[in-house]
Amino acid sequence: MNKFALCVLAFAATAVSVNGEYCDASSTIVEIAASQPDFSTLVLAVQTANLTDALSAPGPLDVFAPTNAAFANALAALGITAEELLGQTELLQQILAYHVVADGASCDTPLEGVVETLLPGNTLTVEGSVVTDGNGGTANILGTVPAKNGQIFIIDSVLLPAPAAAAPAME
Numbered sequence: 000m001n002k003f004a005l006c007v008l009a010f011a012a013t014a015v016s017v018n019g020e021y022c023d024a025s026s027t028i029v030e031i032a033a034s035q036p037d038f039s040t041l042v043l044a045v046q047t048a049n050l051t052d053a054l055s056a057p058g059p060l061d062v063f064a065p066t067n068a069a070f071a072n073a074l075a076a077l078g079i080t081a082e083e084l085l086g087q088t089e090l091l092q093q094i095l096a097y098h099v100v101a102d103g104a105s106c107d108t109p110l111e112g113v114v115e116t117l118l119p120g121n122t123l124t125v126e127g128s129v130v131t132d133g134n135g136g137t138a139n140i141l142g143t144v145p146a147k148n149g150q151i152f153i154i155d156s157v158l159l160p161a162p163a164a165a166a167p168a169m170e
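Just so you know, we're using numbering that gives the first Met the number 0 here: the sequence shown kicks off at 0 and counts up by one.
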């Protein structure tokens, strides 16, 4: 496991509980995502990036979960295939970390304003049901699913950190 994955796992394992207890739902973020066909690309990305354990930790974590259509649109816009993205584990880990909020995460409270992601030094801005990334791109929150270790915010676009934060461009 690389340094990034260890940091995510360590943070998640030491996260404070909400009101003395973790969230009420019976399934973790990863279990819920794995049970939904429209998150199959996200689940494959999480598995490939070796982040399954980190996103199954007690939390709380808030995860912005792009649908399969969101991934297809992002890959087309970037001019790459899923296989090419999945082959770049470090870049994939950075993109996925940019979709996770731990500091200020809650099991039942909507996020609002500027929130820190698990990609160090990178934020997202949440205004109502719209999330804005570091490039000014937006995603709409289509729904929220409570999980045992946080919340899943279903989104219609992949969020991308500002270019300086991302790994070198794909060749």
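Note that the Cβ used here is the ideal one computed from N, Cα and C, for glycine as well.
Remember, it's a predicted structure, so these values are computed and weren't measured experimentally.
Q.
Here's the rule I'm using: 16 or more other beta-carbon atoms within 10 Å means buried, otherwise exposed. How should ALA69 be labelled?
A. Working through the sequence shown from its first residue, we reach residue 69 at position 70. When all chains shown are included, ALA69 counts as buried.
**Q.** ASP52 (DSSP reduced to helix, strand or coil)
**A.** Along the sequence shown, one-based indexing puts residue 52 at 53. ASP52: coil per DSSP, three-state reduction.
Q. If you compare alpha carbons, which of ASP37, ALA32, ASN121 is closest to ILE94?
A. Stepping through the sequence shown from its first residue, residue 94 is reached at position 95. From the listed residues ASP37, ALA32, ASN121, the smallest Cα separation to ILE94 is found for ASN121.
Q | Cβ neighbours of LEU91 in the same chain (closer than 8 Å, five flanking residues each side left out) | A | Here residue 91 corresponds to residue number 92 of the sequence shown, with the count starting at 1. Once the five neighbours on either side are set aside, the close Cβ partners of LEU91 are ALA44, THR47, ALA48, LEU84, LEU85.
Q) Would you call the CB atoms of PHE38 and ALA76 closer than 8 Å? A) Translated into positions along the sequence shown, residue 38 becomes position 39. Translated into positions along the sequence shown, residue 76 becomes position 77. Going by C-beta atoms, PHE38 is not nearer than 8 Å to ALA76.
Q. According to the neighbour-count rule (16 or more other Cβ atoms, all chains shown, within 10 Å of its Cβ), is VAL62 buried or exposed?
A. Taking the sequence shown and counting its residues from 1, the one referred to as residue 62 is at position 63. Flag for VAL62 reads buried.
Q) Out of curiosity, what's the CA-to-CA distance linking ASN148 and LEU141? A) Mapped onto the sequence shown, residue 148 falls at position 149. Mapped onto the sequence shown, residue 141 falls at position 142. Each residue's Cα considered, the two are about 20 Å apart.
(Q) So for ILE154, helix, strand or coil by DSSP? (A) Reading the sequence shown from its first residue, position 155 is the one you call residue 154. Looking at ILE154 - three-state DSSP - the assignment turns out to be strand.
Q. Quick one: what does DSSP say ASN148 is sitting in, helix, strand or coil?
A. Locating residue 148 in the sequence shown gives position 149, counting from the first residue. ASN148 falls in the coil class under three-state DSSP.
Q: Could you name the residues of the same chain whose beta carbon sits closer than 7 Å to that of ALA33, not counting the 5 residues immediately before and after it, in chain order?
A: As a first step, residue 33 must be located in the sequence shown, where it is residue number 34. VAL42.
Q: Starting from THR47, follow the alpha helix (DSSP H) in both directions and report where the run begins and ends.
A: Numbered from 1 along the sequence shown, position 48 holds the residue referred to as residue 47. Per DSSP, THR47 belongs to the alpha helix (DSSP H) from 39-47.
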